[in-house]
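Protein chains: 2
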Amino acid sequence: MKNFSGTPGTFLGMILRIAQFSFAAGSIASIATTPSFFNFTAFCYLIASMALQIIWSFALALLDAYALVRKKVLLNPVLISLFVVGDWVTATLSLAAASASAGITVLYFHDMGNCNFGEECQKYQISVAFAFMSWISISISSLIMLWLLAAG
Amino acid sequence: MKNFSGTPGTFLGMILRIAQFSFAAGSIASIATTPSFFNFTAFCYLIASMALQIIWSFALALLDAYALVRKKVLLNPVLISLFVVGDWVTATLSLAAASASAGITVLYFHDMGNCNFGEECQKYQISVAFAFMSWISISISSLIMLWLLAAG
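From first to last, the protein sequence lines are chains A and B.
For the first sequence, the UniProt record's numbering gives the first residue as 1, with consecutive numbering after it.
For the second sequence, the UniProt record's numbering gives the first residue as 1, with consecutive numbering after it.
Below, the structure is given as structure tokens:
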């Protein structure tokens, strides 16, 4: 397997993982501090999905850091297959959760005029924005992983 | 480039394209017949996204049919790159639109108790289900295309 920038065990790969779990943590922090998020199924799903994203990306960031420090190469086909499946599952769940929450945020902000929940509305928007940023970084990782696996 | 099942110009490839635009057409037919879909940004976005899906998948289904009838091979790297980009863009837009609409449907059905829009609610649900089925078939096509391009 060819080793290019962004693959597991490289500096860019680790930066992408750190971006993923940081944005996901920002998203949870923003929405979990609103008093009424539990009334919305989509927001609960967003929290669950972002929590999964944090666990997955944090574990892979640690693995990347370990590989960088010990100068190990992580390009084992079985390991990469596992990363591909995990990345695609979390990326799909993150996009779905971010879009569902964005749909509700737009419904309250745009379709029903001004949002009646006061400061909470801004927090919903910030959380959705963070979730989309997390999705962008995980989708870059997913594409790199699939490319690496397919290119052999 | 290796020619395997599901690549452009194969029978399975054409079946996937037909499934994509049929489900997308079902989704539009179901939501566009409700009298109040234009009040929801997410539902308008769903229609726009599914319309794009129909145009893209129908054009590629025609190309597949042409390749099958004339027994031509469509495995040109430039052509495949174009298909990869188009597939990924439409797949992402479809998932985002389906999730945003699903978020709103769940909000009305589950979070707010029974939906007050009568028969419309059922149509919203059917439309979202069709949109997800369309996304599943386009995502299979996208993975095959990216694999084909990366494997060379």
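Note that the Cβ used here is the ideal one computed from N, Cα and C, for glycine as well.
It should be emphasised that the depicted structure is a prediction, and the values quoted were computed from it without experimental measurement.
By the CB criterion at 8 Å, ALA42 (chain B) and SER101 (chain B) fall inside the cutoff.
Excluding the 5 residues flanking it on each side, LEU143 (chain B) has no same chain C-beta neighbour closer than 7 Å. A straight-line Cα-Cα distance of about 30 Å links CYS121 (chain A) and ILE15 (chain A). Contacts with chain A at 8 Å (Cβ-Cβ) include THR41 (chain B). Counting other Cβ atoms within 10 Å of its Cβ, TYR66 (chain B) stays below 16 and is therefore classed as exposed.
The beta carbon of PHE130 (chain A) sits closer than 6 Å to those of PHE23, GLY26 and SER27, all from its chain and outside the five residues before and after it, given in chain order. Look at the segment 14-57 of chain A and you find no whole run of beta strand (DSSP E) that is 3 residues long or longer.
Annotation: Cβ neighbours of ILE104 (chain B) in chain A (cutoff 7 Å, chain order): GLY103, ILE104 and LEU107.
ASP64 (chain B) has its alpha-carbon roughly 34 Å from the corresponding atom of THR34 (chain B).
Counted as a single uninterrupted DSSP element, the alpha helix (DSSP H) harbouring VAL128 (chain A) occupies residues 119-151. Cβ-Cβ separation between LEU95 (chain B) and ALA96 (chain A): approximately 6 Å, consistent with a contact (criterion under 8 Å).
Taken atom to atom, the span from the alpha-carbon of ASP87 (chain A) to that of ALA151 (chain B) is near 19 Å.
Under a 10 Å Cβ-count criterion, ARG17 (chain A) is classified as buried, with 16 or more other Cβ atoms of the shown protein chains found around its own Cβ.
If you check the CB distance, ALA48 (chain B) and PHE21 (chain B) do not come in under 8 Å. Cβ-Cβ distances below 7 Å link PHE40 (chain B) to ILE104 in the same chain, with the five nearest sequence neighbours on each side left out; the list follows chain order. With a contact defined as Cβ atoms closer than 8 Å, GLY9 (chain A) and VAL78 (chain A) miss out at about 15 Å. Taking the Cα of TYR45 (chain B) as reference, the smallest distance to any Cα among B:PHE58, B:ILE31 and B:MET145 is reached at B:ILE31.
Secondary structure of PRO8 (chain A) (DSSP, three-state): coil.
Near chain B, meaning a CB-to-CB distance below 8 Å, no residue of the segment 43-75 of chain A qualifies. By the CB criterion at 8 Å, ALA91 (chain A) and SER139 (chain A) fall inside the cutoff. The C-beta of ALA19 (chain B) has 16 or more other C-beta atoms within 10 Å across all chains shown, which makes the residue buried.
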